[in-house]
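S.K.: Heads up: the sequence lines are chains A and B, in that order. Counting the first sequence from 1 gives a position; my numbering is that position plus 4. Counting the second sequence from 1 gives a position; my numbering is that position plus 4. From the three backbone atoms N, C-alpha and C, an ideal C-beta is built for every residue, glycine too. Since the model is a prediction, treat every value here as computed from it, not as a measurement. The structure is given below, and queries will be raised subsequently.
Number of protein chains: 2
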Amino acid sequence: MDEILQLSAGVVRTNRTMNDGRTIRYYDTAGQKRSVEDQRPAEEQPGIGELRLDPLVNEWVAMAAHRQSRVFLPPKELCPLCPTTGDLLTEIPENDFEIVVFDNRSPSLRPPDGDFALPDLVGSDTDEGVAAGKCEVICFTADHGGDFKSLSPQRVRTLLEAWKDRTRELSQQPFIEHIAPFENRGEEIGVTLAHPHGQIYAYSFVPPRVSKMLAVAREHHQKTGRVLFDDVVARELRDGVRVIAKNDHWVAYTPYASRYPFEIHVVPLTPVADLAELSDAASDSFPAIAIEVMKRLDGVFGIDMAYIAAWHQAPVREGRDLLRLHWQITSVRRAPGKLKYLAGSESAMGAFIMDMKPEQSAGQLKDVKI
Amino acid sequence: MDEILQLSAGVVRTNRTMNDGRTIRYYDTAGQKRSVEDQRPAEEQPGIGELRLDPLVNEWVAMAAHRQSRVFLPPKELCPLCPTTGDLLTEIPENDFEIVVFDNRSPSLRPPDGDFALPDLVGSDTDEGVAAGKCEVICFTADHGGDFKSLSPQRVRTLLEAWKDRTRELSQQPFIEHIAPFENRGEEIGVTLAHPHGQIYAYSFVPPRVSKMLAVAREHHQKTGRVLFDDVVARELRDGVRVIAKNDHWVAYTPYASRYPFEIHVVPLTPVADLAELSDAASDSFPAIAIEVMKRLDGVFGIDMAYIAAWHQAPVREGRDLLRLHWQITSVRRAPGKLKYLAGSESAMGAFIMDMKPEQSAGQLKDVKI
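See the structure below:
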């Protein structure tokens, strides 16, 4: 029943099926055999949610009512993302792992039964659709108290290989239009499980922010013949003052019009549409800059920063030549005891107000001794 | 030097100048004379900030670096929004007030010197502009521990008159394109002053969310000849299940595609573009429904809900016949110990995920005994 696949960088993927039918994928580099069975009783799977059109802005809102009762900040002894040991039966049947990706137990989006099509966007009377898509959880360390910056370069390379694999595979599903791997870190931003982990949201529609980026990039291309993101990166490299790290294949900078006290974009110097298109050379030099950036971020105030680290990719079926892969890290921490909140101006009007300039945050990030 | 103006509903506005040149406006209904001088030493005014174009989405981001050191959650004895009593010299020189509106001491946006024009939106090389606009603070009770739902109907009527007055006056400034009165309530969403108060942001550009609403409304009008918002309200009245309060001139509902656990739109039944266009009859029947809605919101869990209550108005110079006035109240409180956070999906991708349906929150709001 196991499906075993050889990936790049010496990574082997083993797929296994949980008792409730969900899939767990182990990404290993040391020849591990993954054969431990899920010992938990099978659990009924939640039904699929709804997509409702917000007619005022023509955007889909997903409604997943079953998520309201999901697990909320369990103590370490009950952590569902630790490996299974003794009596504690977790989401990961094995007693150790490098990287695992498994289907989310409380998914906001899930694969539809049969054919799937969204209703047309026709205004205030648009019917609801099903919340099609896929939500996966990615655990990148068995260490409950660990974090991204403490990973070994090899582990980050394996993590990248897992992200690439998920992007490739999910892109083949006919109901998936966009794939966003991201990590939320910190109770300050609502993380409900303390164990370090990321998520992968695969949407059945192009998300609103991506849709806007695509429209703007298309307009720029029509006017100039150039790809907007490439022009943005060229400007950041030319300005230089906001660049915080760089190697042969990647650059990291706090963007000119940052929206958060600490916002960092990590960008491959050879532009690609998505993770699956990254060359081996670019992939191999990602771990060093990724770990450096995360160390700089936590070093600014000497505390673990709350952040969202999200991969922006081109959608699966459109704008492949107009949008570029980049990793966007944003932190709402503006000082040790202070967060930036999205209140009236940002939330209701969409107008962001920054209390500090990105040249300042770039200076603070560059000053960190690592 | 005082400028005294008679408004509707028996409200008299008295303008006075603070020592640092800022204006404070008293809105009174009982013939008060406002003559107490600001006793504080004059303070240098912060310079104007920058507007930077986020080229990836063609949106302005305001940078107001001087705000980083603004007052943060002072104790009640040092509250700058209480009336001046004894040795505590506050923002309000008088020892009592009904409604006051004064220029924000740490404004994100401020009036420009001389002529103002934004740079053209030309992509990744757009120069920064000045953060023109105006930020005002509106205090609606001298009671430090009070809140909106505890206001008398007469006080809410005076508050509405103040909002209308500010909208009318700010609309006459050539550098103002959009006016958004809002209230942020609750430390959970970042309020830095506990004393109940609202703000007025007057932007020199049409904010991104309003701009999107206008584009969608324009498309709908071209297709159907109808105003989108009117169609949305008609659908809510027809569905009925999400209506939580109604009187002769207003309706309040949790919208079909709500984005927050509790989201309420309060809408005049005779559509208007902005507050200044509200009839006396509609104005007079606003206090009852406004207070009822706020009581229902705080009644759901029996605790003071964190919320953002924002007036959406048509911009000053465009879309006046396409966008409609409405009051949008959103709360991130999804249960007594739980908040909804905008994390990876909402923040990075703009895709909102709801854990409960608005039919459920409407039911909870309607069940509150008031």
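Below 8 Å, can you find three or more Cβ-Cβ pairs linking the region 211-225 of chain B to the region 113-129 of chain B?
M.R.: They do not touch, by the three-pair rule.
S.K.: Let me know the alpha helix (DSSP H) ranges lying completely inside the region 277-335 of chain A, each 4 residues or longer, listed in chain order.
M.R.: List check, alpha helix (DSSP H) in window: 284-288 and 290-303.
S.K.: Spell out whether any CB of chain B is found under 8 Å from the CB atom of A:T258.
M.R.: Chain B, which has no Cβ nearer than 8 Å to the Cβ of A:T258, makes this no.
S.K.: Could you name the residues of chain A that B:M217 contacts, counting a contact when the two beta carbons are closer than 9 Å?
M.R.: Those are L60 and V61, listed as they occur along chain A.
S.K.: Consider the Cβ of A:S175: report whether some Cβ of chain B lies at a distance smaller than 8 Å.
M.R.: No, because no Cβ of chain B sits closer than 8 Å to the Cβ of A:S175.
S.K.: As an exercise, report each continuous alpha helix (DSSP H) stretch of at least 4 residues that is fully enclosed by the region 100-175 of chain A, in chain order.
M.R.: Listed in chain order, the complete alpha helix (DSSP H) runs (minimum 4 residues) inside the region 100-175 of chain A are 157-175.
S.K.: What residues from the region 348-364 of chain B come within 8 Å of chain A, judged by C-beta to C-beta, listed N to C?
M.R.: If the cut-off is 8 Å between Cβ atoms, the region 348-364 of chain B has G348, S349, S351, A352, M353, G354, A355, F356, I357, M358, D359, M360, K361 and Q364 near chain A.
S.K.: When the Cα atoms are used, what is the spatial distance from A:M353 to A:Q10?
M.R.: Each residue's alpha carbon lies about 48 Å from the other.
S.K.: Figure out for me which residue from B:P45, B:D243, B:D24 and B:P97 has the closest Cα to the Cα of B:K37.
M.R.: Minimum Cα distance to B:K37 is reached at B:P97.
S.K.: Tell me which residues of the region 106-129 of chain B have at least one Cβ-Cβ distance to chain A shorter than 7 Å, keeping chain order.
M.R.: Residues passing the 7 Å Cβ filter: S112, G127, S128 and D129.
S.K.: Which residues in the same chain have their Cβ closer than 6 Å to the Cβ of B:F266, if we skip the five residues on either side of it in sequence?
M.R.: If we look at B:F266 and ignore the five residues flanking it on each side, its Cβ neighbours are S335 and S365.
S.K.: Using a Cβ cut-off of 8 Å (strictly closer), state whether A:V214 contacts chain B.
M.R.: Yes - at least one Cβ of chain B is within 8 Å of the one on A:V214.
S.K.: Taking the alpha-carbon positions, what's the A:A347 to B:R337 distance?
M.R.: Going by the C-alpha atoms only, they are around 14 Å apart.
S.K.: So, does the CB of A:I307 fall closer than 8 Å to a CB anywhere in chain B?
M.R.: Not closer than 8 Å to any Cβ of chain B, the Cβ of A:I307 fails to qualify, so no.
S.K.: Compare the C-beta of B:V255 against all C-beta atoms of chain A and say whether one is closer than 8 Å.
M.R.: With 8 Å as the cut-off, B:V255 does not count as an interface residue toward chain A.
S.K.: Less than 8 Å between C-beta atoms, sequence neighbours within five positions excluded: which residues of the same chain meet that for B:I180?
M.R.: These residues qualify, in order along the chain: G137, K138, L174, A206, Y207, S208 and V320.
S.K.: Please classify A:S262 as buried or exposed, where buried requires at least 16 neighbouring CB atoms within 10 angstroms.
M.R.: So A:S262 ends up on the buried side.
S.K.: So, using beta-carbon positions, are A:P272 and A:L329 closer together than 8 Å?
M.R.: Yes, they are a contact pair.
S.K.: Measure the beta-carbon distance from B:Y31 to B:E187 and round it to whole angstroms, keeping in mind my assumption that it falls under 8 Å.
M.R.: Wrong, their Cβ atoms sit about 16 Å apart, outside the cutoff.
S.K.: Name the residue from B:T274, B:I248 and B:I142 whose alpha carbon lies nearest to the alpha carbon of B:M298.
M.R.: That would be B:I248, whose Cα lies nearest to the Cα of B:M298.
S.K.: By a C-beta neighbour count over all protein chains shown, 10 Å radius and 16 as the cutoff for buried, is A:D124 buried or exposed?
M.R.: Exposed, because fewer than 16 other Cβ atoms sit within 10 Å of the Cβ of A:D124.
S.K.: Check each candidate in B:D169, B:E140 and B:V160 and name the one with the smallest Cα separation from B:I293.
M.R.: For the residues B:D169, B:E140 and B:V160, the minimum Cα distance to B:I293 belongs to B:V160.
S.K.: Assess, as a yes-or-no matter, whether the region 87-107 of chain A is touched by the region 136-156 of chain A under the definition of 3 or more beta carbon pairs within less than 8 Å.
M.R.: Yes: the two stretches touch, three or more of their Cβ pairs being nearer than 8 Å.
S.K.: Quick check: what's the CA-CA separation for A:S110 versus A:P50?
M.R.: So the alpha carbons of these two residues sit roughly 7 Å apart.
S.K.: Enumerate in chain order the residues of its own chain whose CB-to-CB distance from B:M5 is below 6 Å, with the five nearest sequence positions on each side excluded.
M.R.: Its pLDDT being 49, under 50, B:M5 is placed unreliably in this model, and the coordinates cannot settle the point.
S.K.: Assuming B:L85 contacts B:H199 under a Cβ cut-off of 8 Å, what Cβ separation, rounded to an integer in Å, is found between them?
M.R.: With a Cβ gap of about 4 Å, B:L85 and B:H199 count as contacting.
S.K.: Looking only at its own chain, which residues have a Cβ that is under 6 Å from the Cβ of B:A280, when we skip the five neighbours before and after it?
M.R.: So the qualifying residues of the chain are K168, T171 and R172.
S.K.: What three-state label does DSSP hand B:A46 in the structure shown?
M.R.: In the structure shown, B:A46 sits in coil (DSSP, three-state: anything other than H, G, I, E or B).
S.K.: Let's see if you can read the secondary structure: which residues bound the beta strand (DSSP E) around B:A339?
M.R.: That run of the beta strand (DSSP E) goes R337 to A339.
S.K.: Under 8 Å, Cβ to Cβ, is there at least one residue of chain B near A:T171?
M.R.: False, the Cβ-Cβ gap to chain B never drops below 8 Å.
S.K.: Counting only Cβ pairs nearer than 7 Å, list the residues of chain A close to B:R239.
M.R.: Chain A residues near B:R239: S128 and D129.
S.K.: Write down the C-beta distance between B:G127 and A:H224 rounded to the nearest angstrom, noting that I regard them as a contact closer than 8 Å.
M.R.: About 5 Å separates the two Cβ atoms, so the contact holds.
S.K.: Could you check where the beta strand (DSSP E) with B:F76 kicks off and where it finishes?
M.R.: Unbroken run through B:F76: none, as it is neither H nor E.
S.K.: Pick from B:L241, B:D24, B:L301 and B:L326: whose alpha carbon is nearest that of B:H316?
M.R.: Considering only alpha carbons, the answer is B:L326.
S.K.: Does the CB of B:P2 have a neighbour CB from chain A at under 8 Å?
M.R.: It is not possible to answer for residue 2 of chain B, since the shown part of chain B is limited to 5 through 374.
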